[in-house]
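Protein chains in written order, with my numbering: chain A, 30 to 214; chain B, 3 to 453; chain C, 410 to 745. Let me begin by presenting the structure, written as structure tokens, before commenting on it.
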Amino acid sequence: MSARTRPITTTEGTRPFAFSEAALAECRALMARYPEGRSKSALIPILHIAQAENDGWLSVNAMDAVAGVLGLQRIEVYEVASFYSMFNLHPVGTYVLDVCRTTPCMLRGSDDVIAHLERKLGVHCGGTTADGMFTLKGVECLGSCGTAPMLQCGAHYHEDLTIERADALIDELRARNSRTNYTDR
Amino acid sequence: MGRQLLFEHINTPGIRGLEGYRANGGYRSVEKALRTMSPEAVVEEVKASGLRGRGGAGFPTGMKWSFLAKPPGVPRYLVVNADESEPGTFKDRYLMERIPHILIEGMITSSFALGANTSYIYIRGEYFYVARILEQAIAEARAAGWLGRNILGSGFDHEIHVQVGAGAYICGEETALLESLEGKRGNPRIKPPFPAVKGLYGCPTVVNNVETIAAVVPIVNDGGAEYAKIGVGRSTGTKLISAGGNIKRPGVYEIELGLSCDEFINSDEYCGGVDGRAFKAVVPGGSSVPIVPYELFLRTAAGEPRLMSYESLADGGFVSGTMLGSGGFYAYNDAQCIVRSTWNHTRFYHHESCGQCSPCREGTGWMEKVLERLEHGEGRTEDIDLLWDIQRKIEGNTICPLGDAAAWPVASAIRHFREEFEYHVRFPQKVKDPKHFAKEPFVRNANFATA
Amino acid sequence: MPKVTIDGIPIEVPEGTTILQAARMIGERDKAHRHVVPPAMCYYTKLETSGGYCRTCIVKVTKGSDKDPRPMPKPVASCRTAVMDGMEVANTTDPELLEARKGVVEFLLINHPLDCPVCDQAGECHLQDLSYENGKAASRYEFERRTFEPVDIGDSIKLHMNRCILCYRCVKVADQLTDGRVHGVINRGDVSEISTYISQAVENDMSGNMIDVCPVGALTDRTFRFSSRVWFTNPVDAHRECGTCAGKAVLWLKGNEVLRVTGRKDQWGEVEDFICNTCRFDKKDLNAWKVEGPRKIDRHSVIGQGHYMLQRKQQLLNAPAPNVPEIAKRKELKDR
Chain A
30 MSARTRPITT
40 TEGTRPFAFS
50 EAALAECRAL
60 MARYPEGRSK
70 SALIPILHIA
80 QAENDGWLSV
90 NAMDAVAGVL
100 GLQRIEVYEV
110 ASFYSMFNLH
120 PVGTYVLDVC
130 RTTPCMLRGS
140 DDVIAHLERK
150 LGVHCGGTTA
160 DGMFTLKGVE
170 CLGSCGTAPM
180 LQCGAHYHED
190 LTIERADALI
200 DELRARNSRT
210 NYTDR
Chain B
3 MGRQLLFEHI
13 NTPGIRGLEG
23 YRANGGYRSV
33 EKALRTMSPE
43 AVVEEVKASG
53 LRGRGGAGFP
63 TGMKWSFLAK
73 PPGVPRYLVV
83 NADESEPGTF
93 KDRYLMERIP
103 HILIEGMITS
113 SFALGANTSY
123 IYIRGEYFYV
133 ARILEQAIAE
143 ARAAGWLGRN
153 ILGSGFDHEI
163 HVQVGAGAYI
173 CGEETALLES
183 LEGKRGNPRI
193 KPPFPAVKGL
203 YGCPTVVNNV
213 ETIAAVVPIV
223 NDGGAEYAKI
233 GVGRSTGTKL
243 ISAGGNIKRP
253 GVYEIELGLS
263 CDEFINSDEY
273 CGGVDGRAFK
283 AVVPGGSSVP
293 IVPYELFLRT
303 AAGEPRLMSY
313 ESLADGGFVS
323 GTMLGSGGFY
333 AYNDAQCIVR
343 STWNHTRFYH
353 HESCGQCSPC
363 REGTGWMEKV
373 LERLEHGEGR
383 TEDIDLLWDI
393 QRKIEGNTIC
403 PLGDAAAWPV
413 ASAIRHFREE
423 FEYHVRFPQK
433 VKDPKHFAKE
443 PFVRNANFAT
453 A
Chain C
410 MPKVTIDGIP
420 IEVPEGTTIL
430 QAARMIGERD
440 KAHRHVVPPA
450 MCYYTKLETS
460 GGYCRTCIVK
470 VTKGSDKDPR
480 PMPKPVASCR
490 TAVMDGMEVA
500 NTTDPELLEA
510 RKGVVEFLLI
520 NHPLDCPVCD
530 QAGECHLQDL
540 SYENGKAASR
550 YEFERRTFEP
560 VDIGDSIKLH
570 MNRCILCYRC
580 VKVADQLTDG
590 RVHGVINRGD
600 VSEISTYISQ
610 AVENDMSGNM
620 IDVCPVGALT
630 DRTFRFSSRV
640 WFTNPVDAHR
650 ECGTCAGKAV
660 LWLKGNEVLR
670 VTGRKDQWGE
680 VEDFICNTCR
690 FDKKDLNAWK
700 VEGPRKIDRH
710 SVIGQGHYML
720 QRKQQLLNAP
730 APNVPEIAKR
740 KELKDR
């Protein structure tokens, strides 16, 4: 079971946030996809961009910037951000490991992989390693049941996991030491 | 191997790009529809095909299309449901990743039929990389004139946009999907009104699954009647089945509906049989459909061979049948524990409940807690009846089908595997080890007193 | 006009009327038929798009209409289902439905703190009424209840999330009566909560109506907190000249002291007119109001308790000597 981590609902101790120029241009392009007066439709894609530009999580500052771009009440952004499980509302590690734990993965050994990762990283699901490198997240079905067990890190699916492959992945990521985001191309 | 309508070129090199796709007959349905057919004629072909929604509900697609309201001056939308999140289901990802253009092509042809000038693909956020593949395909199609203004000189304009979600199973429910697409929480809407009358932005909208829209391509190319020749009874055409669990050959298979269940699970052409142990149970259509013992998957209660079709899998109702659902198939070997699996299923629904209506919001968490207790040998016999009662009070009493989806796995597990639940109460020490049945498989109808 | 029959009682209603509204019309037409009115915890006539969430008002449609007589496959939310001509509805006449409703009530209570003794809403709480009338005496829930810390959302409103049943009424008040909503529903599933997310006050002229529409003790009036149990106060109808609202309110008095000001609620517990925060929070002086007379309180309400006790005392005086086993049996019946 993942420990429920309370969202950070204050701006205290968090850094200011401003979209990069490139991100702003992307936001504007997204907003143009929808009929006039419907730019709120771009909220979720823009939250993804904000999260990628804010070290992988959505601080109050980041969400307020999103509200500013879209001209929304701030609560409308908080409501949406807190509904969807891919949005992190507290700081996360350089890598977020979304390990699938749903039944089809369980049938193919995801419990063992999760237990191994918890032991190896010294954190429970929901936790972040002391060195800030990894956040381990138990997630629900990622639609990769035929190649189970599996985990997602950023935009990548790591499938057919074994204990050995999980170990190798951790080593590889640690050596690379550069943040991955869902929005990575 | 049966006929392959969607997967015919799945392994053809270069099929992911427009050039390769076109070289293998791609976009013929757009040419045929826009040049030689009226929108109504396309709808008629889809009706004649007998195609049913491939996302899980199995509602006749042509009928759904004919419900679309057409008030003058109001835009209409086609929204493709690529939120594939039903545990066990990964067919749409496979299709979009390998042949993205078949979806784009199906969308153009379908939108022409529906009179929609803009369509959206709502894809689950975890499939971000697939969204990139689709965006690439859309860009290629636009550059080649398959999208944009006055396509093929027909006067028909069309644009497609990809929208990513952000992690919420509930957004696979069509009205929750529309809410999410409007930038809101994925709370299902209260119906009526249905999307066909008031959907995206309050406009008439058709929401269809990826596979459904892809199937429109062969239906328009070869005619609805030709499509309807495949299959059995009201289960026409082919269906993508994503197979997982304890089988030898997991993967996505395109089957002709009506294939025998025995052949599907045991032949080397498909699942290839069990992975070294004995089969115990099957969930044939995604986690929401009733789990059935292996024997009941192979044969109906009356002893008839079971077929991979909507009707045959449902034969016996909820007493001895199950459902084809989304085609998210997974099988259990005898090392698996049904109580543990039910706990896992229920945790999933608890996690994914949107929280809008009380039976689902409160009931799913309650069931999870009771199941967790049972699985860890801390339960009581009354817990089994309590679970039965909770699921019964969720089912049918919620805004959207997630309540039913959470109730059915629990109900079917108790119905078919009650002895296994009782075993957990009677032998708490034995179930302390999470792999309790790996070493000593549970034997049904055994005398517990000697166990 | 479409004709609908609810528990065997027919009524003709305007096009577009919901089953719940039709049932209320039956109840208003003849008090003896009030029992056919389904309970409603989230629906609120004056708030658009309200209803459908709590599921307490579910009913069975046993006949869809004259045109299409098929029954509806599942119970429907009566507050969001429009009647059709010839529709037949079963509410209290269907044991299966009553059982399903009992289930809904049990679900609403499993995470409720049941802290009625220290709750300001006690005595006028719709959840109390609902569980008394439709629930079971005991809960089968044995796990830890989810808890939240109470928070002040501004000087005048207290939020006890523990008591909330997520009816969304307060959110709709903020959306429809105020501009610039600052609170809403965050998170999802059973950890959803009414919240401002960041620490923030809900401040605008009409925000106090969130308290009146709240069916439970989740949103209470901080200017009234713990001043008195409502049933020890004396409610009077009063009005004042107000530039913001209609100025029609109920003053809840102790002697000449105005302990609380609320909107006037009809027999279904809904306010007749929304009132502004000035009337509600700032005019706690009897001289600021013109008193019209005593507020009529429904005989079912605990607030009418003093009156009720008098009647009951009289009954007891006239009654024959108590039969102890009979009383025990009655108690047992009630506890079921």
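No residue lacks a Cβ here, since even glycine has one placed at the ideal position from N, Cα and C.
*asked:* Would you call the stretch 234-244 of chain B in contact with the stretch 14-21 of chain B, where contact means no fewer than 3 C-beta pairs closer than 8 Å?
replied: By the C-beta criterion, the stretch 234-244 of chain B is judged not to be in contact with the stretch 14-21 of chain B, since fewer than 3 inter-stretch pairs fall below 8 Å.
*C-beta neighbour in chain C for A:T131, strict 8 Å*: Chain C contact via Cβ: absent.
*Can a CB atom of chain C be found closer than 8 Å to the CB of B:S355?*
Yes, because at least one Cβ of chain C sits closer than 8 Å to the Cβ of B:S355.
*So, are the CB atoms of C:D524 and C:G495 less than 8 Å apart?*
Going by C-beta atoms, C:D524 is not nearer than 8 Å to C:G495.
*Could you spell out where the beta strand (DSSP E) holding A:F163 opens and where it closes?*
Note, A:F163: beta strand (DSSP E), 163-168.
*In the stretch 76-108 of chain A, which residues sit with their C-beta less than 8 Å from some C-beta in chain C, listed in chain order?*
Correct list: V89, Q102, R103, I104, E105, Y107, E108.
*asked:* Does C:P419 pass the burial test, meaning 16 or more other C-beta atoms within 10 Å, or should it be called exposed?
replied: Its Cβ having fewer than 16 others within 10 Å, C:P419 is exposed.
*Find the nearest neighbour of C:D538 within the set C:D691, C:D584, C:W677, C:D682, judged by alpha-carbon distance.*
Of C:D691, C:D584, C:W677, C:D682, the smallest CA-CA separation from C:D538 is found for C:W677.
*Please list the partners that C:V594 has in chain A, where partner means a Cβ-to-Cβ separation under 7 Å.*
Taking a Cβ-Cβ cut-off of 7 Å, the neighbours of C:V594 in chain A comprise E108, given in sequence order.
*Residues that B:I125 bridges to, as DSSP identifies them*: B:I125 is bridged to B:A84, B:V166.
*DSSP state of C:L662 mapped onto helix, strand, coil*: Reduced to three states, the DSSP call for C:L662 is strand.
*Sort B:G323, B:I249, B:Y255 by Cα distance to B:H418 and report the nearest one.*
Measuring from the Cα of B:H418, the nearest candidate turns out to be B:G323.
*Same chain, Cβ closer than 6 Å to A:C27, five either side skipped, listed in chain order*: Residue 27 of chain A cannot be examined here, being either before or after the span of chain A that is shown, 30 to 214.
*Cα-Cα separation between B:K72 and B:E313, rounded to whole angstroms*: B:K72 and B:E313 have their C-alpha atoms some 33 Å from each other.
_Neighbourhood of B:M310 by C-beta, 8 Å cutoff - its chain only, sequence neighbours within 5 removed_ = So the list reads K241, I243, I257, L259, G260, L261, S262, C263, F266, P286, L326, once near-sequence residues are dropped.
*Counting only beta-carbon atoms, is C:Q723 nearer than 8 Å to chain A?*
Reliability fails at C:Q723, whose pLDDT of 49 lies under 50, so the model's placement of it is uncertain and the value that follows must be treated cautiously. With 8 Å as the cut-off, C:Q723 does not count as an interface residue toward chain A.
*asked:* 8 Å is my cut-off, CB to CB: does B:N399 come that close to chain F?
replied: Among the protein chains in the structure shown, which are A, B and C, there is no chain F.
*Provide the residue(s) that pair with C:K476 in DSSP beta bridges, ordered along the chain.*
C:K476 is not bridged by DSSP to any residue.
*Out of B:A115, B:D159, B:L154, B:I172, point me to the one whose CA is closest to B:I125's CA.*
If we check each option's Cα against that of B:I125, B:I172 comes out closest.
*Please confirm if the stretch 59-69 of chain B is in contact with the stretch 199-218 of chain B, defined as three or more CB-CB distances below 8 Å between the two stretches.*
Between the stretch 59-69 of chain B and the stretch 199-218 of chain B, the count of Cβ pairs shorter than 8 Å is three or higher; the stretches touch.
*asked:* Against chain C, which members of the stretch 31-63 of chain A pass a CB distance test of less than 8 Å?
replied: Cβ contacts with chain C come from R33, P36, T38, T39, T40.
*What is the C-beta distance between B:S355 and C:D599, in whole angstroms, given that I count them as a contact (C-beta under 8 Å)?*
Contact check for B:S355 and C:D599: beta-carbon distance about 7 Å, within the 8 Å limit, so the pair qualifies.
*What are the boundary residues of the alpha helix (DSSP H) that includes B:K93?*
Taken as a continuous stretch (DSSP letters only), the alpha helix (DSSP H) holding B:K93 covers 93-100.
*asked:* Does B:E256 come out as helix, strand or coil in the three-state DSSP assignment?
replied: Note: B:E256 maps to strand in three-state DSSP.
_Inter-stretch contact at 8 Å, needing at least 3 Cβ pairs: the stretch 140-152 of chain A / the stretch 84-100 of chain A_ = No: fewer than three Cβ pairs fall under 8 Å.
*So the alpha helix (DSSP H) B:G22 belongs to, where does it begin and stop?*
Note, B:G22: alpha helix (DSSP H), 20-25.
*Give the residues from the stretch 381-392 of chain B that approach chain C closer than 7 Å (Cβ to any Cβ), ordered along the chain.*
So the close ones are L388.
_Rounding to the nearest angstrom, what Cα-Cα distance links A:M162 and A:Y124 in this structure?_
About 6 Å.
*Is the distance from the Cβ of A:C154 to the Cβ of A:L165 below 8 Å?*
Taking 8 Å as the Cβ cut-off, A:C154 and A:L165 qualify as a contacting pair.
*Going by other Cβ atoms of all chains shown within 10 Å of its Cβ, with 16 needed for buried, is C:T426 buried or exposed?*
Buried is the call here.
_Within-8 Å CB hit, B:F281 to chain C_ = Put simply, the CB of B:F281 is far from chain C, with every gap to its CB atoms at 8 Å or more.
*Is B:T214 helix, strand or coil when you go by DSSP?*
Correct three-state label for B:T214: helix.
*If the cut is a Cβ gap below 7 Å, which residues of chain B does A:I199 touch?*
What A:I199 touches in chain B, judged by beta-carbon distance under 7 Å, is nothing: the nearest beta carbon there is about 21 Å away.
_Interface positions of the stretch 176-193 of chain B facing chain A (Cβ-Cβ less than 8 Å), listed along the chain_ = Only those residues of the stretch 176-193 of chain B whose C-beta falls short of 8 Å from the nearest C-beta of chain A are listed: S182, L183, E184, G185, K186, R187, G188.
*With 16 other CB atoms within 10 Å as the buried threshold, where does A:G151 fall?*
It counts as exposed.
_the stretch 232-250 of chain B: positions lying closer than 8 Å to chain A by Cβ_ = The stretch 232-250 of chain B vs chain A, Cβ under 8 Å: S244, A245, G246, G247, N248.
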